[in-house]
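Protein chains: 2
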Amino acid sequence: MSQLSELLSTNYDKNIEELKELLRIQSISSLSEHKEDVQKAASWISNKLKTIGMEHVEIIQTKGHPIIYGDLIHKEGAPTVLVYGHYDVQPVDPVDLWETPPFEPTIRDEKIFARGATDDKGQMFLHIKAVETLLESDGSLPVNIKFCIEGEEEIGSPNLPHFLSENKEKLSCDVVLISDTDMWEKGVPAITCSLRGLCALEITLKTANSDLHSGMFGGGVQNANHLLVQLLSTLHDANGKVNVDHFYDNVIELTDYEKEQMAELGFDEEKLKQSLGLTNLTGGEKDYPYRERISSRPTLEINGLWGGFQGEGTKTVIPNEAHVKITCRLVNNQHPEKIQQLVKKHLEENAPIGCTVEVSLGDTGNPFLTPIDSPMMQTAAEAYKKVYGKSPVYKREGGSIPIVSDFNKILNAPVVLMGFGLPGENLHAPNEHFHLENFDKGILTICSFLELIEK
Amino acid sequence: MSQLSELLSTNYDKNIEELKELLRIQSISSLSEHKEDVQKAASWISNKLKTIGMEHVEIIQTKGHPIIYGDLIHKEGAPTVLVYGHYDVQPVDPVDLWETPPFEPTIRDEKIFARGATDDKGQMFLHIKAVETLLESDGSLPVNIKFCIEGEEEIGSPNLPHFLSENKEKLSCDVVLISDTDMWEKGVPAITCSLRGLCALEITLKTANSDLHSGMFGGGVQNANHLLVQLLSTLHDANGKVNVDHFYDNVIELTDYEKEQMAELGFDEEKLKQSLGLTNLTGGEKDYPYRERISSRPTLEINGLWGGFQGEGTKTVIPNEAHVKITCRLVNNQHPEKIQQLVKKHLEENAPIGCTVEVSLGDTGNPFLTPIDSPMMQTAAEAYKKVYGKSPVYKREGGSIPIVSDFNKILNAPVVLMGFGLPGENLHAPNEHFHLENFDKGILTICSFLELIEK
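Chains A and B, in that order, are what the protein sequence lines are.
Going by full-length UniProt numbering, the residue at position 57 of the first sequence is 57; the numbering climbs one at a time, nothing skipped.
Going by full-length UniProt numbering, the residue at position 358 of the second sequence is 358; the numbering climbs one at a time, nothing skipped.
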């Protein structure tokens with residue numbers, strides 16, 4: 001262990017430079033103008049895997065962005081670990097709120113700032129470095145290893161489930177290891193045992209056949225913005241509950257035991273409010289405590305809305321179109337496709353008089369829940385303890401990694417979510433960063449896990 | 001008259017080419033990147049006035065865009081007519097809805113399509129051509145004439161009232177003549193006797209100190225879009241009335257006589273709905289008929305709203321900012337500044353828990369009402385009758401020309417609003433146009449008015 005640690009110290013500058021190289025690539029999967037950048041990131045990963053000694057490395061084209069596969073299978077009888085991660089990133093707007101440009105990685109206060117620093121390039125890179133370090137130190141790995149790194153996680157992994165189904169043999173493994181989640185807090189590791197699912201919808205509301213002048217028509221004809229407000233105001237009730245029929249039908253409430261555990265862990269509400277610049281935390285359902293709302297309750301969020309004039313100055317226009325982007329976070333046992341249909345139905349049925357409402361359905365992803373007492377989970381806990389000196393918290397995560405549930409079901413293998421991010425690292429927001437204290441420690445924890453499951 | 005008519009026929013192609021030149025200039029007053037274009041339009045007007053023989057032509061700089069003045073005062077004892085118009089135009093977005101580019105004037109179906117074709121470059125240009133034609137025909141004008149053409153009408157004429165106050169002597173006149181309004185319908189002229197006023201507000205709603213990831217915070221923290229919807233849903237009641245305290249306090253209801261006149265004129269609701277692509281006309285106050293709502297009732301319109309992600313694909317963001325642009329159309333005797341304060345107060349008092357609401361106040365303009373039996377109004381009616389063969393309708397206009405009330409009050413002169421636009425010419429919207437049948441007829445009507453008031 002100390003030998004690995006020394007090796008990492010020696011290679012630290014080189015390793016960080018390599019990470020920066022990867023972070024510079026603008027691999028935004030949701031924007032078609034970045035298609036080539038996404039390919040560039042795929043090539044980068046593929047070359048890196050070859051360089052560290054992985055075999056059978058290939059860039060596998062899909063209908064969307066490519067998947068990278070590579071393996072090193074030399075330990076007959078030893079367990080096989082499949083590492084999953086993603087090299088695509090979220091868009092960067094509003095770009096003017098970044099203190100340093102999103103694709104110019106910059107180190108400040110022992111954090112590295114860049115889009116993808118923590119989600120997920122930074123965390124995925126730890127696995128590449130763990131393998132490289134073990135090989136450099138011992139000449140071989142204690143286990144068999146496979147990499148499966150995709151470029152469509154941020155758009156809901158539309159092509160990965162098919163790829164998994166078609167390549168069950170190739171990807172067969174004893175455990176799927178993923179680092180795309182957070183620790184509990186600075187110095188306190190966590191293993192995520194639950195993830196929320198997701199579904200997305202986009203709405204276009206239309207009135208007249210063109211924008212109209214409010215001097216000629218104001219007070220007479222429908223304003224798309226007004227009708228949009230009317231429609232959207234039906235989506236939540238006064239208590240913050242989602243006001244869509246049957247939305248909560250399949251939600252599994254937390255058990256009393258889980259609620260107690262959550263209470264024991266404590267929660268510094270004042271600190272959180274201060275860090276977010278908020279005087280209160282009144283989003284979502286009033287009847288549930290904050291930590292439960294963000295982890296084990298479903299939501300419906302308006303991620304974007306727009307209609308009419310957004311330019312400088314005044315324009316006395318009656319807009320004839322308005323738009324909304326919605327995503328729902330879902331929990332066990334909600335079905336993403338079913339929820340999409342319920343929300344669509346609600347929007348269509350509540351469309352105000354005088355407009356048409358078109359609803360298009362977007363990405364979906366299943367929620368995930370895993371038992372915390374499985375052998376692989378326990379081994380992961382041991383690895384964390386060795387490096388961080390503390391047992392990890394078992395955490396319900398509010399985010400979605402839709403593919404986790406697919407890995408679990410299609411490959412019939414346990415999934416271990418070993419996160420090295422920290423809360424507040426601004427993923428999906430301006431000034432995303434990763435705390436560098438978890439760089440070498442993250443690599444060591446992964447090395448330790450690989451060594452421990454060998455036994 | 002027939003001599004003028006022949007002269008106009010002879011010069012038609014040249015005149016249209018000149019108008020096209022003016023329409024090509026992108027003089028959007030509200031966008032700072034078009035500042036030079038606005039100056040260019042000012043120079044164009046100034047040169048044109050000199051070319052047709054106007055004297056003392058000057059481009060007068062203001063704190064914003066310049067005013068052009070010119071006069072021809074050779075008829076001692078004859079009335080003096082002050083012509084007002086504006087050479088600035090509205091923005092052009094959404095630009096992809098224009099069938100031909102907004103600044104490439106194109107003639108189709110005897111209409112000229114371009115931003116400013118009817119509002120107001122096209123109509124203002126008729127006065128230049130009327131003076132030129134009379135001078136070419138008779139060698140002199142029947143009256144004294146002054147031009148005052150500004151470049152800030154579309155942003156609420158912030159500098160014109162001051163200019164009028166400071167130049168009362170220079171601008172003194174017996175009548176102010178303005179063409180920036182519509183006829184009743186094809187072939188039926190109209191004189192506008194009332195205009196609505198205007199006030200604008202812009203709202204920024206803020207929650208956390210940055211955008212947040214809905215996976216980490218969804219269900220826990222306030223979403224600026226949700227709070228915006230909540231806030232905006234308080235602005236109108238279920239009957240479409242503006243739900244702001246004291247909003248209607250100073251509104252003068254139509255008299256029974258005016259209501260009868262409005263009913264007599266008739267209104268083809270089906271035709272209007274068809275032309276707008278609407279199945280019903282349910283904007284504004286349910287308790288008032290359509291034509292009353294768009295002309296003599298005040299409104300509050302959300303001209304623009306936006307918050308969060310508008311790009312391609314999905315972004316699971318909880319936006320921390322949302323924005324709204326509002327304008328109110330006002331009627332006699334509402335005070336624009338007072339209404340701004342009432343709306344601001346409403347927005348601040350109804351700000352949902354968990355956000356800050358900043359309201360900034362924009363343009364204002366007074367409503368206008370003039371007696372229809374004044375001598376100048378009657379002369380204008382006669383001029384229309386000579387050219388169009390029909391007496392004009394006296395019309396309450398839903399639009400705003402804030403400066404009209406100022407001309408009336410500051411220069412203490414009657415204002416005659418002699419419009420040559422037609423309803424449906426898409427001013428402030430894509431595919432703005434002007435019906436060319438009113439080009440020569442408009443010029444002739446103006447010539448006729450100048451000849452008739454001489455007597």
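The C-beta atom is built at its ideal place from N, Cα and C for all residues, glycine as well.
Query, Result
"Can you tell me which of the three DSSP states A:I128 falls into?", "helix"
"Indicate whether the contact test is met: 3 or more Cβ pairs, each with one atom in the region 360 to 371 of chain B and one in the region 184 to 200 of chain B, closer than 8 Å.", "yes"
"Helix, strand or coil for A:W306, going by three-state DSSP, please let me know.", "strand"
"Select from the region 278 to 291 of chain A all residues with a C-beta closer than 9 Å to any C-beta belonging to chain B, and list them in chain order.", "L278, T279, N280, L281, T282, G283, G284, E285, Y288, Y290, R291"
"Any idea if B:Q274 is buried or exposed, counting beta-carbon neighbours within 10 angstroms, 16 or more meaning buried?", "exposed"
"Kindly provide the ranges of any alpha helix (DSSP H) runs that are 4 or more residues long and lie completely inside the region 166 to 231 of chain A, ordered along the chain.", "168 to 171, 214 to 217"
"Mind listing the chain B neighbours of A:T207? Cutoff is C-beta to C-beta under 8 Å, in chain order.", "L278"
"Would you report the Cα separation of A:Q341 and A:D88, rounded to the nearest angstrom?", "28 Å"
"Quick one: grab the DSSP three-state call for A:K63.", "coil"
"Pair every Cβ in the region 413 to 433 of chain A with every Cβ in the region 103 to 119 of chain A, then say whether three or more of these pairs are closer than 8 Å.", "yes"
"Taking the beta strand (DSSP E) that A:M418 falls in, what are its first and last residues?", "415 to 418"
"Taking the alpha helix (DSSP H) that B:S157 falls in, what are its first and last residues?", "B:S157 -> no alpha helix (DSSP H), and no H or E assigned at all."
"Could you tell me if B:E36 is buried or exposed, where buried requires 16 or more neighbouring beta carbons within 10 angstroms of its beta carbon?", "exposed"
"So which residues of chain A does B:E312 contact, with C-beta pairs closer than 8 Å?", "S30, L31, S32"
"Three or more beta-carbon pairs under 8 Å between the region 147 to 165 of chain A and the region 72 to 88 of chain A, yes or no?", "yes"
"Excluding sequence positions up to five away, which residues of its chain have a Cβ less than 6 Å from the Cβ of A:V115?", "What sits at residue 115 of chain A in the sequence shown is Arg, not Val. Within the same chain, A:R115 has close Cβ partners V89, V92, P102, E432."
"Out of A:L160, A:I25, A:S360, point me to the one whose CA is closest to A:I203's CA.", "A:S360"
"Could you tell me which chain B residues have their CB closer than 8 Å to the CB of A:W184, listed as they occur along the chain?", "Result: empty, since nearest Cβ-Cβ is about 13 Å, beyond 8 Å."
"For A:L23 and A:N15, I'd like the C-alpha separation in whole angstroms.", "12 Å"
"Interface residues of chain A around B:V221 at Cβ under 7 Å?", "L276, L278, L281, G283"
"Report the partner residues of B:T314 according to the DSSP bridge assignment.", "Answer is none; B:T314 lacks a bridge partner."
"At 7 Å on the CB atoms, spell out the chain A contacts of B:L369, in chain order.", "By Cβ distance, chain A contributes nothing, its closest Cβ being about 16 Å from B:L369, past 7 Å."
"Quick check: the Cα distance between A:F217 and A:H226, rounded to an integer number of angstroms?", "14 Å"
"One question on the structure: do B:P189 and B:Y12 come within less than 8 Å of each other, judged by their Cβ atoms?", "no"
"Going along the region 155 to 185 of chain A in order, which residues come within less than 9 Å of chain B, judged by CB to CB distance?", "I155, G156, D182"
"Quick check on B:F267: does DSSP put it in helix, strand or coil?", "coil"
"For A:P375, count neighbouring C-beta atoms within 10 Å of its own C-beta (all shown protein chains included) and say buried if the count is 16 or more, exposed if not.", "exposed"
"Which chain A residues sit within Cβ distance under 9 Å of B:W306?", "G304, L305, W306, G307, G308, Q310"
"Determine, for B:S400, whether the minimum Cβ-Cβ distance to residues of chain A falls below 8 Å.", "yes"
"Would you report the Cα separation of B:N320 and B:I145, rounded to the nearest angstrom?", "56 Å"
"Using 8 Å as the threshold, is the region 168 to 184 of chain B in touch with the region 409 to 416 of chain B, meaning 3 or more CB pairs across them?", "yes"
"Taking 7 Å as the limit between beta carbons, can you name the residues of its chain near A:T234, skipping five residues before and five after?", "N243, N350"
"Between which two residues does the beta strand (DSSP E) carrying B:E150 extend?", "144 to 150"
"Output needed in chain order: residues of the region 96 to 127 of chain B with a Cβ under 9 Å from some Cβ in chain A.", "L97, D119"
"Cβ atoms of B:T133 and B:L8: under 8 Å apart, would you say?", "yes"
"Among all the DSSP beta bridges, which residues are the ones paired with A:D373?", "According to DSSP, which records beta bridges pairwise, A:D373 is partnered with nothing at all."
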